[in-house]
Amino acid sequence: MSHYHLKSADAFQKAYQASVDHPEAFWDKIAKNNFIWQKHWYKTFEWDQKNTHIKWFLGGQLNITENLLDRHLIHNADKTAIIFEPNNPDEPHQEISYADLAKSVNKMANVLKDQGVQKGDRVCIYLPMIPELAITVLACARIGAIHSVVFAGFSSSALAARINDCQCALVVTSDGGFRGPKTIDLKSIVDQALENCPVVQRTLVVARTHQKSDMVPGRDLWLKPLFDQASDQCPATTMDAEDPLFILYTSGSTGKPKGMVHTCGGYMVYAAYTFKNVFQYAEHNIYWCSADIGWITGHSYILYGPLANGATTLMFEGVPSYPDFGRFWAIIEKYKVTQFYTAPTAIRALAKESLDFVSPYNLSSLKVLGTVGEPINEEAWQWYFKHIGGGKVPIVDTWWQTETGGVMIAPLPRITPAIPTYATLPLPGIQPVLLDDQGQEITETEASGLLFIKHPWPSIARTIWGDHQRYVQTYFGAQTDKYMTGDGATRDAKGNYRITGRVDDVIIVSGHNLGTAPIEDAINEHELVAESAVIGVPHSIKGNSLFGFIILKGHPDSEENLKSAINQCITQHIGPIAKLDEMVFTPGLPKTRSGKIMRRILRNIAQKNFDALGDTSTLLNPEIVAELIQVMQKKH
Ligand code: WTA
């Protein structure tokens with residue numbers, strides 16, 4: 011029986027059971043029957059628990075682009091692979107066929123090769139959501155170069171840190187990007203970053219906005235003339251299943267971002283399998299994920315998963331509020347989108363606006379709605395269901411992470427029941443468990459605890475680039491035989507999971523993972539700041555907002571100016587997404603006797619839950635609590 015496309019509850023249950031009873035046989039069959047391999051593997055799975063080395067499809071050889079592109083050229087060459095909807099609705103859109111996409115990818119691959127890029131080299135991609143972004147990602151995969159896409163909202167120092175961490179020799183960027191009414195000057199951000207990146211030899215620049223760019227002689231080249239001259243034939247480089255396909259940085263609870271490494275074979279199998287089932291993709295469907303390719307959602311569910319299934323995937327350059335708050339719904343109507351996948355923060359922001367932005371549009375093409383990135387609250391879920399889905403389109407609340415490569419826990423639309431605010435059931439191959447604070451597995455079905463996953467699945471990240479020890483410590487440090495997700499969860503009597511949020515110092519703001527440590531480091535860069543602590547406070551649209559407690563070492567002329575200067579430091583070191591919504595200046599921070607900041611107390615103080623502070627007498631400095639309460643009471 012083929013478990014690739016699960017079409018009924020019965021098929022799902024059988025597949026799930028098979029995947030738990032015999033994980034290797036389960037994935038072996040799916041990988042063998044649904045993908046093109048140049049060489050079959052000699053062993054399906056290996057897990058060296060002592061050193062935390064996980065491998066799937068050992069000895070197997072492939073090139074992922076043969077699965078994404080070449081194989082569809084036989085019967086579907088003219089089918090649209092990518093629809094590009096520009097920021098400005100008056101600019102013509104593009105429909106790129108599989109044949110044209112394959113040609114462009116080959117051309118770009120040849121350009122990269124001509125610039126000296128070889129298999130295993132790292133290429134940094136810092137581009138807006140334009141077709142060249144997709145083409146460059148796939149061109150890297152074609153020649154076995156490891157892409158590291160950096161979201162084009164990151165600042166020059168964040169970009170530099172990511173380029174240096176994995177030593178990228180080449181950067182692909184653009185003169186600028188369009189974002190709603192704004193034009194973002196990307197090239198100058200890259201120029202600033204590269205002042206601190208001696209390793210970069212070459213930048214290739216896409217002309218998107220046609221604004222003036224300073225081209226550094228000997229380093230910067232416009233892409234177009236090179237692309238136009240390149241051959242549209244390029245053989246696919248043979249890759250080992252375990253060779254890295256890409257690095258994608260995600261925030262950790264301590265300083266440096268973590269370069270998560272995903273490999274060619276396992277990632278392909280799992281991204282493709284989950285795309286097919288979670289979205290129940292069928293021929294002629296038009297699928298749209300509104301994420302940015304700079305995040306894992308865009309990697310797996312704008313590019314790799316859809317293209318592996320020969321789907322039509324829509325790429326949108328703009329923002330949901332431009333030219334007005336009806337833009338998403340206008341796009342769904344325009345292309346008769348069948349599956350729409352977005353973030354709860356976008357839903358909350360749009361739900362706040364008048365329904366007059368929704369009602370003009372015909373949304374009857376929709377058959378699946380998805381959410382990802384953070385917990386979705388009941389109200390947002392109901393709004394999405396009623397006003398976008400017309401009360402009949404199933405919602406898939408998909409829980410997963412950059413590290414997991416693909417969706418882990420989610421309903422299958424019209425197959426397993428959706429429950430508002432629950433990600434519901436694990437997909438085949440995924441064995442979640444809940445642990446208590448002592449690290450004991452909770453055996454009762456109805457329970458709350460820390461979410462861990464037993465038994466690796468094919469697309470688990472294999473390591474952190476350049477720091478395997480940190481990988482071991484972060485994900486397998488607590489339990490060597492279980493992956494630690496860092497999330498807390500509740501399980502109901504039927505085994506449905508509801509994700510309650512991060513249990514570490516990562517805060518999810520508008521669906522973006524932000525570590526508190528790098529934000530605090532950025533704040534501390536200001537000359538008047540001695541120390542700081544950043545916490546998350548529930549926010550009706552963003553999910554969480556950022557609140558900073560800041561100790562000063564001098565007197566500012568104006569508190570207001572200091573606040574904007576501190577946010578400027580954050581913008582400069584990380585990006586505007588990490589700016590504080592609120593901050594207070596405080597004489598101290600509550601600390602344990604070992605010097606650790608008690609963030610639980612700060613969270614309650616920030617929300618003025620002064621009665622919920624609990625016992626504070628064991629603090630190193632209990633007197634600070636009363637002072638902090640005073641500071642908050644003075645704040646209007
Ligand atoms: C959170 C995004 C609740 C979670 C694919 C996780 C969610 C982190 C959900 C990973 C969901 C993601 N319900 N929480 N459906 N999806 N999260 O790496 O805390 O950007 O650990 O990957 O987002 O974020 P990341």
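In terms of the working numbering, the sequence shown is numbered consecutively and its last residue is 646.
The C-beta atom is built at its ideal place from N, Cα and C for all residues, glycine as well.
Computed from a predicted model, the values in this text were never measured in an experiment.
Segment limits, alpha helix (DSSP H) that includes residue i
i    : result
S375 : Premise fails: S375 is in no alpha helix (DSSP H) and is neither H nor E.
D531 : 526–534
S568 : Per DSSP, S568 belongs to no alpha helix (DSSP H) and is neither H nor E.
Y485 : 478–486
R512 : Counting along the chain, R512 falls outside any alpha helix (DSSP H), though it belongs to the beta strand (DSSP E) covering 507–512.
P354 : 354–361
K344 : 337–345
First through last residue of the beta strand (DSSP E) which encompasses residue i
i    : result
N554 : 553–562
Y136 : 132–136
M593 : 592–595
S458 : 457–464
S542 : 539–549
Rounded separation between residue i and residue j - CA only
i    : j    : result
L137 : E570 : 34 Å
S167 : P245 : 36 Å
I140 : S604 : 50 Å
T260 : L445 : 24 Å
Q177 : R212 : 13 Å
T626 : V635 : 8 Å
I470 : H63  : 11 Å
I440 : W47  : 24 Å
W409 : P442 : 12 Å
V159 : I639 : 43 Å
D694 : Q392 : In the structure displayed, the chain extends from 11 to 646; residue 694 sits before or after that span and is not available.
I4   : S542 : The first residue shown for the chain is 11 and the last is 646, placing residue 4 beyond what the model contains.
L599 : T581 : 24 Å
S241 : N174 : 31 Å
V115 : I463 : 36 Å
N120 : G487 : 42 Å
E454 : A499 : 14 Å
A149 : K123 : 10 Å
A28  : L360 : 41 Å
G401 : L143 : 36 Å
Y481 : R472 : 8 Å
N86  : Y108 : 7 Å
D131 : F326 : 29 Å
G624 : F559 : 20 Å
Residue from the options with nearest C-alpha to residue i
i    : options                : result
T431 : E384, L444, A318       : E384
A420 : Q290, L236, S627       : Q290
L629 : T75, I615, M608, H646  : M608
G415 : T495, A361, G487       : T495
I584 : F161, S310, S18, N61   : F161
I474 : T412, P427, I40        : T412
L538 : H565, D531, L68        : H565
Y507 : G558, P548, M418, S568 : M418
T307 : F462, F350, D131       : F350
G186 : K573, L373, A390, R218 : R218
G228 : F559, N73, L180        : L180
T596 : L562, L623, S574       : L562
G399 : D407, V378, T75, G304  : V378
Collapsed DSSP secondary structure at residue i in the structure displayed
i    : result
V30  : helix
K645 : coil
E389 : helix
H397 : helix
S184 : strand
N174 : helix
R81  : helix
N43  : helix
K192 : strand
S107 : strand
L231 : strand
I440 : coil
L630 : coil
G308 : helix
H583 : helix
R609 : helix
L255 : strand
Residue-level contact to chain D via CB, residue i, 8 Å cutoff
i    : result
M139 : The chain labelled as chain D is not found in the depicted structure, where only one protein chain is given.
Sufficient close CB pairs (3 or more, under 8 Å) joining the stretch 22–32 to the stretch 435–448: yes
Contact between the stretch 299–318 and the stretch 444–462 (3+ Cβ pairs under 8 Å): Per the Cβ contact rule, the stretch 299–318 is not in contact with the stretch 444–462 (fewer than 3 Cβ pairs under 8 Å).
Given 8 Å, three or more beta-carbon pairs between the stretch 82–90 and the stretch 264–274: no
contact_flag[the stretch 102–111, the stretch 327–338] where n(CB pairs < 8 Å) is 3 or more: no
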